[in-house]
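Residue numbers (this note's numbering), protein chains in the order written: chain A, 1 to 401; chain B, 1 to 401; chain C, 1 to 401. C-beta atoms are modelled at their ideal positions from N, C-alpha and C, and glycine is treated no differently. These figures come from a predicted structure and were not determined experimentally. Here the structure comes first, spelled out in structure tokens, and everything after it is commentary.
What follows is the structure in structure tokens.
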């Protein structure tokens, strides 16, 4: 949804109500005495629904406006709140949707990472967690991405939630008959509590969130955003290196087309004393918008053609795949670009002991297989961290902090 | 299955036994002393199985003959039935399969709707319901229908049941190798407790039900039936308008090809003093079979070319999509037909305050988007009602009333 | 994985540690005091993980090395083991992966069949079993096989486990972008506890098992192995005939290409006094490798062109489908071969009362439909037995004996 509220009193009016979900750590009661007596049946139903999804086991209450709101508007007042909800004390923000990396500031990132750590403990020590028991996640994938889909579905199931799956919504769904995304979202939100969406069009996730009464997570929308990948990258650096301020990161490979490195550069700019090194073939250099953005925030960056030199001084060597599909007919350019900067044992030799190699996967041969056995090869741990980040986001969006 | 029984004593004979599932609200014990002692191992196993699926938590017993029956026949007697099962008292019918809209009479419809209301309460107030815990539903879709599939799977999961999914059984399954539907059903029934089937051939669901020892729900079989859509349409009218007797319904759009409106007309005929208005382009007019049927039951109907006039006096304006695929090469005819009767703000202006606009979805532009915000736009609530109807049917077929 | 251990003390060293999962029936505590104090964060995490997946409800502990092992190696000692684990007493083997039929000896087969019997009881008498609650199975299918996939997924869900599904990993996954099987496995193992894999290349399952830190089950790898089919075939014979020693089995149909009959012949050779009869069209005769193998073990076998004669003396007539796709352009040869040996009512007439007809399914017309009603038609029970075998294997691989 478009905006959010952390107040425990809210007024619902037709068309003007924007808050999607308000989560409290304590139960509160609703007073509907101010509702017009002559509301039509369906409006009363909505009002009833609004405050009824009471999860006693979790001691949390979800205010859900996924149903049609009253024809005349209604007021919903919290008469009793036993404790001040946690997020009002230390974490004053509210997570409604996950649409783009830019929506997170440093404090939110830290808070999400804290929850991700809890999720690591749950995944390892508490199999059969029931934190999201009774919740249903729909994965609405308009283009396939098995890896991302399985990561989200595993996250949901590791927390006891259930999943509805659509692997190729584009071909199969009523989209093929010409239905708008908005209509599809309105139908699917009736079947589920949260929608994880992948789409081929930039901006689709934002459109979905504007329509939906339940939380939307963007699992990649075309050349646009893939915010959970960006989050897991930053989380991995923090887990592997132990800090984010003062780190030196080498971004290697296809910097022009890789939304991963672009988002990562954006998020790293939120930390202090970060140095970024761009190492890429000339045809796929980092674009000026990111460079200008970094400069404007005072982040030190430079371009380099010397992978060994960069690798020797960085905490993180973030390698990416040169994407063949971006080169069209120019296979010769692709072949030249892909062989240029390979992370292999020679690179490992110059890297510091505490440094790590990262990669968003899948990889081809831009990291040689013999690197895998080195403990500094962090890319499979990075993939695993995607699970924890997604568990954290699902928990935050569905039951709150 | 072909027929059903509500007796608590039944005789099982090879080939002649037709009852699929008998549900009791009270546990009873089985006496196998009359079984031949020299039954082969596998037959004893079947006998054992027959009365063994005891769901203590639900206090119900499911007699399941999905396994091969005894080679020699056997008798299964209820020695003790603590209470008279509910359905013997007030609801004397037994739901075994859901194959076509015609199988439901007015009493059955009312009873199903009553359960659907209970399901609304469960979905809204009792997340994590375990009514169908331990039950497994297979969705066997020979042609894709994401919307219908997700609705059924959501229904099953909202009640604590589990799902096995096949989204494109036609391409993938052994059907491609030439296996008959009957063989596929016999295999799948070994893996699940109920099968929700969508098929491209009319009559496929009936064939499946004749073969299966577990309940079959028809989720659409080609140009044939889509009974759960018909049920949710009638349920929606009853929920929105508050009654079914005496209502006035305008059926608009493609009345020739839409199985939805055909089934709806059929079901509405079961109620008193119903008036039906057909509003459609000439090329897709309602066929005579339905008209004759309505006439034979004394249902008032008329054809009209004036949508505004019909809309002004109806309780329900049921709009449908003109299906391009029915026009083949004649795109000109399609274009002419699709633009003819649009539900827009002008139509809303003449409609009564209590009336509603319905649509089976997906829609293209036969209802303009600016209608959505009007509380009389009932189509997304209608889609949601599909969830409740399907929850109700799953409950009725698996654990009974 | 390559080897296994049944010791309760093990030393983990980078690269040299091969044991995948050690299951105990009793809880034990781990002593990490010998861990180097200056392990990097991520290595400590791994150590922590190693012994942390404590399933108190099951009173079992799973040592899982799916995470990266320590950089420096570490020792994990069981300080307290309340009881001697069952498998140390009576069943001294440990099941790590299911890759090929050859890995099972007679004792293991018997033990698996014993567990399969328990699974039959659970499926019939204890719906809602929670034996595998909290476990997550990934079905990674590089080619579709709806029947096999649903059987595994049903097995997992019947035991309370959860499933992540990929029906056509070949087309959709990052494999399409050139990712190696090994990389895919390393990612998927981060999301799940066990992987059921079907692949188009012979040997793929073995490669996956060599990479994975979690159990792999081969659900068919190209022309190679389909071990769970072989197990369910032998289990079915034992269930239907009551014994395996001394049985007479007729293998009919496509014996050249059918991996099913080849695996079955291999496994039957483990039993005493088995007689095997090969009945097949000349173009698809059993190959010499299997014949030589049987001869080397002293198994009696012969080829016959007389199905009636073979059927009259066998305990099991195992019919198979002539696979059209093996004949390429030579449809004439296919048509000739497929009509040659049909199991019909005439064959039933000469078969003994206790004998059974089996078939791996799907069937075309190599068994006529009128055979189905005969209690000796065991093929649908055989398919159902696949469920029990798969339940047994999942239980054994995930929580042990």
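With 16 other Cβ atoms within 10 Å as the buried cut-off, status of residue i
i, result
"residue 320 of chain C", "buried"
"residue 157 of chain A", "buried"
"residue 223 of chain B", "exposed"
"residue 354 of chain A", "exposed"
"residue 282 of chain C", "exposed"
"residue 218 of chain A", "buried"
"residue 352 of chain A", "exposed"
"residue 361 of chain A", "buried"
"residue 305 of chain B", "exposed"
"residue 241 of chain C", "buried"
"residue 247 of chain C", "buried"
"residue 349 of chain A", "exposed"
"residue 220 of chain A", "buried"
"residue 369 of chain B", "exposed"
Assigned secondary structure, residue i (DSSP; H/G/I helix, E/B strand, else coil)
i, result
"residue 220 of chain B", "strand"
"residue 121 of chain A", "helix"
"residue 342 of chain A", "coil"
"residue 257 of chain A", "coil"
"residue 166 of chain A", "strand"
"residue 228 of chain B", "helix"
"residue 143 of chain A", "coil"
"residue 327 of chain B", "coil"
"residue 201 of chain C", "coil"
"residue 277 of chain C", "strand"
"residue 248 of chain A", "strand"
"residue 351 of chain C", "coil"
"residue 100 of chain C", "coil"
Rounded C-alpha distance that separates residue i from residue j
i, j, result
"residue 389 of chain B", "residue 113 of chain B", "7 Å"
"residue 100 of chain B", "residue 382 of chain B", "20 Å"
"residue 265 of chain C", "residue 277 of chain C", "10 Å"
"residue 312 of chain C", "residue 373 of chain C", "19 Å"
"residue 149 of chain B", "residue 328 of chain A", "38 Å"
"residue 299 of chain B", "residue 143 of chain B", "35 Å"
"residue 161 of chain A", "residue 200 of chain C", "33 Å"
"residue 226 of chain B", "residue 126 of chain A", "44 Å"
"residue 163 of chain B", "residue 136 of chain B", "5 Å"
Cutoff 7 Å; reference residue i; Cβ partners in own chain excluding five residues on either side
i, result
"residue 257 of chain B", "284, 323 and 326"
"residue 357 of chain B", "317, 319, 343, 367, 371, 376, 377, 378 and 379"
"residue 364 of chain B", "321"
"residue 202 of chain B", "221, 222, 223 and 224"
"residue 209 of chain B", "1, 97, 99 and 216"
CA nearest to the CA of residue i, picked from the options
i, options, result
"residue 139 of chain A", "A/198, A/341 and A/241", "A/198"
"residue 213 of chain B", "B/204, B/190 and B/369", "B/190"
"residue 395 of chain A", "A/374, A/126, A/132 and A/229", "A/132"
"residue 289 of chain A", "A/314, A/274, A/300 and A/262", "A/262"
"residue 250 of chain C", "C/347, C/169, C/337 and C/165", "C/347"
"residue 165 of chain C", "C/151, C/307, C/393 and C/111", "C/151"
"residue 336 of chain B", "B/286, B/308, B/193 and B/280", "B/280"
Same chain, Cβ closer than 6 Å to residue i, five either side skipped, listed in chain order
i, result
"residue 231 of chain B", "389"
"residue 155 of chain C", "387, 390, 391 and 394"
"residue 186 of chain B", "none"
Close beta carbons around residue i, own chain, < 8 Å, minus the five adjacent residues each side
i, result
"residue 244 of chain A", "234, 237, 238, 268, 271 and 274"
"residue 109 of chain B", "231, 234, 267 and 270"
"residue 295 of chain C", "301"
"residue 170 of chain B", "142, 143, 176 and 200"
"residue 102 of chain B", "266"
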